[in-house]
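2 protein chains.
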Amino acid sequence: MSADLLIEEVHFRRDWINPYFLGRKSLLVNLSDLAAMGARPYACLLSLGLPVSLLGEYFEKFIIGFLEECDRFEIPLMGGDLSRSEKVVVSVSVVGYLASKGPLYRSGAKGGDSIILIGDVGVSELGLRLIRQRSSKCMSEIADLPSLESWADGPDSYRWLLAHFLPEIHLEAAMWLQEHELANSMIDVSDGLGCDLLHILEESKCSAEIRVEDIPVPPGADRITPASRELILDGGEDYALLFTCSQEQLERLKQSYPPAFSPYRVIGRIVSGEAELRLVSDSGSEVYHRKGFDHFS
Amino acid sequence: MSADLLIEEVHFRRDWINPYFLGRKSLLVNLSDLAAMGARPYACLLSLGLPVSLLGEYFEKFIIGFLEECDRFEIPLMGGDLSRSEKVVVSVSVVGYLASKGPLYRSGAKGGDSIILIGDVGVSELGLRLIRQRSSKCMSEIADLPSLESWADGPDSYRWLLAHFLPEIHLEAAMWLQEHELANSMIDVSDGLGCDLLHILEESKCSAEIRVEDIPVPPGADRITPASRELILDGGEDYALLFTCSQEQLERLKQSYPPAFSPYRVIGRIVSGEAELRLVSDSGSEVYHRKGFDHFS
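These protein sequence lines are chains U and A, in that order. Just so it is clear: in the first sequence, position 69 is 923 by my numbering, and no numbers are missing. Just so it is clear: in the second sequence, position 183 is 1037 by my numbering, and no numbers are missing.
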């Protein structure tokens, strides 16, 4: 079971995202939480708080988007609540199950494990920056992919916006890893790669080294510059999958990883020691300091 | 599965309820939704939105209250979310299960059914009126039952306040009715007796007559006056249980109803016809018009 709260002006701005995309994204980010445990989604609940003025078209578009993702993943919306609220409040709960074996936790990483990434990081952040840069009110009017593509004016920026509005979640890959016992620990990257890897390290009581050069940079971003380094380490909301596995598991993974899934990349390894993340590159190494999103900062 | 959203200034006022009582009540009202279906609670999720200034003591008291009720009903808190928010937002989800047979719905009432009430109505509303009347800021400081009792200055008003802060939910009675197949339809009275009975009538496509004299008035309230009539028909948040059953079921109920449960009262009957509620008394009869709480009015 998992729940996520999305609040206007904390998690999103109403003039920066159309309710149709917000509806779709609201379910996706919750399914990503289930994916992080290797669970198969079973059902969901949706509670919405809305200003009275948004009860018509806004509400309808949100629900259309939300139910589209329910259909795609074959998850029934089992109930929920609707209330008046000054700001838009979206509260989604999801329930999943495990066909066999226990769930994957953040706490299972072991010294010697490889650290593996499935999916992109930093791409959603580029989408957000683009929207912020243009600070375009008409963004909230864009409610379908063709309009989004033409607003984007280029394939790279279109990919950034897609990553921001409709993040690709790696549910099938996550369930496959759980079923085949190919991960010791797992998390979805919602706050940022550095920050979420630290969550694994803290709960597993171990240390890690990653090679920044082995993390792919977003399309259209520069090669390894300080700016793109920050982007891939601290950019949030990509919902990539981050997990650790032993060398034996990694061998089995290499032999059987389904080509239909997004490619995996070994980006580092777990070592014993304090919960600390060391960034290694050809030019030397340094300790990573958390910059991930803090809702209360 | 069921979910409820409680939003500051829509569902509660921060200066009128201590976070400890709010935490307890938040779980109770959700369990009442499960009770309405005859389901046994299994687990819950809690998402909280809080202003930064309330992250300390307020948050702690809320959680203490919430977990106290989790303990009492033996339901684990399985997860949730915490976010910054301008107003306090409480979003609770609960999951229950049925040992056998299907759940009870609002849509199962049949012509000839008796309408039965378990628990009080109008009492919570009297508690709310007392708080509003005294509009006492110190109300939010009252965080335990002895302080509440001494603030109440009388056994009746203490009962009103208890009903408002810690409604008695009829979970065991509801599960018993479901297990023994002694109800055709059921609902919990959260918006008001009249309004919630209309929900049954609308979903069951039938009509009802109730005898207002057969509904108990709250302790300390006058006998049947227009004011107390409105109180018992429109007072919300008592979480009484309202159900319908056939004459055969009623006979079995009379013979086997456990004395440990709150007493049941037959207050009327279902008849065929449009979804309409008729109030019958010695002096005549009239059609009831909905006055229940509308979050968007």
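By construction, the Cβ of each residue, glycine as well, lies at the ideal position given by its N, Cα and C atoms. Bear in mind that the values here come from a model prediction, so they are computed numbers and not experimental data.
If you run the structure through DSSP and keep just helix, strand and coil, what is residue i?
{"i": "U:Gly1008", "result": "coil"}
{"i": "A:Phe866", "result": "strand"}
{"i": "A:Ala1028", "result": "helix"}
{"i": "A:Glu940", "result": "coil"}
{"i": "A:Asp887", "result": "helix"}
{"i": "U:Leu859", "result": "strand"}
{"i": "U:Ala1129", "result": "coil"}
{"i": "U:Gly919", "result": "helix"}
{"i": "U:Gly933", "result": "strand"}
{"i": "A:Ala997", "result": "coil"}
{"i": "U:Glu911", "result": "helix"}
{"i": "U:Ile1023", "result": "coil"}
{"i": "U:Ala1075", "result": "coil"}
{"i": "A:Glu1063", "result": "strand"}
{"i": "U:Ser989", "result": "coil"}
{"i": "A:Ser1100", "result": "coil"}
{"i": "U:His1018", "result": "helix"}
{"i": "A:Tyr1111", "result": "coil"}
{"i": "U:Ile1086", "result": "helix"}
Roughly how many angstroms lie between the CA atoms of residue i and residue j, to the nearest whole one?
{"i": "U:Ser939", "j": "A:Phe875", "result": "22 Å"}
{"i": "A:Lys964", "j": "A:Val975", "result": "24 Å"}
{"i": "U:Asp1007", "j": "U:Asp869", "result": "20 Å"}
{"i": "A:Ser954", "j": "A:Glu1033", "result": "7 Å"}
{"i": "U:Asp1167", "j": "U:Asp1068", "result": "As displayed, chain U neither begins before 855 nor continues past 1151, which places residue 1167 of chain U out of reach and without an answer."}
{"i": "U:Ser901", "j": "U:Glu1130", "result": "38 Å"}
{"i": "U:Ser978", "j": "A:Glu928", "result": "41 Å"}
{"i": "U:Tyr959", "j": "U:Ala890", "result": "8 Å"}
{"i": "U:Leu921", "j": "A:Arg1106", "result": "43 Å"}
{"i": "U:Gly933", "j": "U:Asp1076", "result": "46 Å"}
{"i": "U:Glu862", "j": "U:Gly903", "result": "10 Å"}
{"i": "A:Ile918", "j": "U:Ser1110", "result": "48 Å"}
{"i": "A:Pro905", "j": "U:Ala1017", "result": "30 Å"}
{"i": "U:Glu911", "j": "U:Ser937", "result": "16 Å"}
{"i": "U:Ser1044", "j": "U:Arg1132", "result": "20 Å"}
{"i": "U:Leu982", "j": "U:Pro1021", "result": "12 Å"}
{"i": "A:Ser1100", "j": "U:Leu899", "result": "33 Å"}
{"i": "A:Phe866", "j": "A:Gly1138", "result": "38 Å"}
{"i": "U:Ser1061", "j": "U:Leu1055", "result": "6 Å"}
{"i": "U:Phe916", "j": "U:Glu923", "result": "11 Å"}
{"i": "A:Ala897", "j": "U:Pro957", "result": "17 Å"}
{"i": "U:Pro941", "j": "U:Gly950", "result": "In the sequence as presented, Pro is not what sits at residue 941 of chain U; that position holds Lys. So the alpha carbons of these two residues sit roughly 29 Å apart."}
{"i": "U:Gly1046", "j": "U:Lys1145", "result": "8 Å"}
{"i": "U:Gly1090", "j": "A:Gln987", "result": "49 Å"}
{"i": "A:His1053", "j": "A:Ile985", "result": "29 Å"}
{"i": "U:Tyr1012", "j": "U:Ser1116", "result": "19 Å"}
{"i": "U:Gly966", "j": "U:Asp1042", "result": "21 Å"}
{"i": "A:Lys1003", "j": "A:Val1141", "result": "Reading off the sequence shown, one finds Glu at residue 1003 of chain A, where the question assumed Lys. Cα to Cα, the separation comes out at about 39 Å."}
{"i": "U:Ser961", "j": "U:Pro1112", "result": "26 Å"}
{"i": "A:Leu980", "j": "U:Ser989", "result": "50 Å"}
So what does residue i bridge to, in DSSP terms?
{"i": "A:Gly950", "result": "A:Pro895"}
{"i": "U:Leu1095", "result": "U:Ile972, U:Asp1042"}
{"i": "U:Tyr1118", "result": "U:Ile972"}
{"i": "U:Ser961", "result": "U:Ser961 pairs with nothing; no bridge assigned."}
{"i": "A:Val1141", "result": "A:Arg1132"}
{"i": "A:Leu904", "result": "A:Arg938"}
{"i": "A:Ile1124", "result": "A:Ala1062"}
{"i": "A:Ser945", "result": "A:Leu859, A:Ser901"}
Please determine, among the options, the residue with the shortest C-alpha to C-alpha distance to residue i.
{"i": "A:Ile969", "options": "A:Ile1023, A:Leu1095, A:Ser1110", "result": "A:Leu1095"}
{"i": "U:His1024", "options": "U:Arg868, U:Val883, U:Ala953", "result": "U:Val883"}
{"i": "U:Arg1065", "options": "U:Met891, U:Phe1097, U:Cys992, U:Val1134", "result": "U:Val1134"}
{"i": "U:Glu1057", "options": "U:Ser937, U:Phe1019, U:Leu909, U:Gly1127", "result": "U:Gly1127"}
{"i": "U:Val944", "options": "U:Tyr951, U:Asp1136, U:Ser880", "result": "U:Ser880"}
{"i": "U:Ser856", "options": "A:Lys915, A:Arg878, A:Phe866, A:Leu931", "result": "A:Leu931"}
{"i": "U:Cys992", "options": "U:Ser1139, U:Gly981, U:Asn872", "result": "U:Asn872"}
{"i": "A:Val1071", "options": "A:Ser1100, A:Ser1082, A:Trp1014, A:Cys924", "result": "A:Ser1082"}
{"i": "U:Ser947", "options": "U:Pro895, U:Cys1049, U:Asp1042, U:Asp967", "result": "U:Pro895"}
{"i": "U:Leu1015", "options": "U:Leu860, U:Asp1042, U:Asp1092, U:Asp858", "result": "U:Asp1092"}
{"i": "U:Tyr1118", "options": "U:Asp1136, U:Ala1028, U:Glu1102", "result": "U:Ala1028"}
{"i": "U:Arg878", "options": "U:Ser989, U:Phe913, U:Val949, U:Thr1098", "result": "U:Phe913"}
{"i": "A:Asp887", "options": "A:Glu1026, A:Ser989, A:Leu908", "result": "A:Glu1026"}
{"i": "U:Gly952", "options": "U:Gly892, U:Gly962, U:Leu980", "result": "Note that residue 952 of chain U corresponds to Leu in the displayed sequence, not to Gly. With distances taken between Cα atoms, U:Leu952 lies closest to U:Gly892."}
{"i": "U:Asp1050", "options": "U:His1143, U:Asp925, U:Asp935", "result": "U:His1143"}
{"i": "A:Pro1073", "options": "A:Asp858, A:Gly973, A:Leu908", "result": "A:Gly973"}
{"i": "U:Lys1108", "options": "U:Thr1079, U:Lys1059, U:Gly1048, U:Leu1031", "result": "U:Leu1031"}
Is the region 1077-1086 of chain U in contact with the region 1031-1039 of chain U, if contact means three or more CB pairs nearer than 8 Å? The region 1077-1086 of chain U vs the region 1031-1039 of chain U: no contact.
So, does the region 991-1004 of chain U touch the region 1112-1123 of chain U, judging by three or more C-beta pairs under 8 Å? Not touching, per the Cβ criterion.
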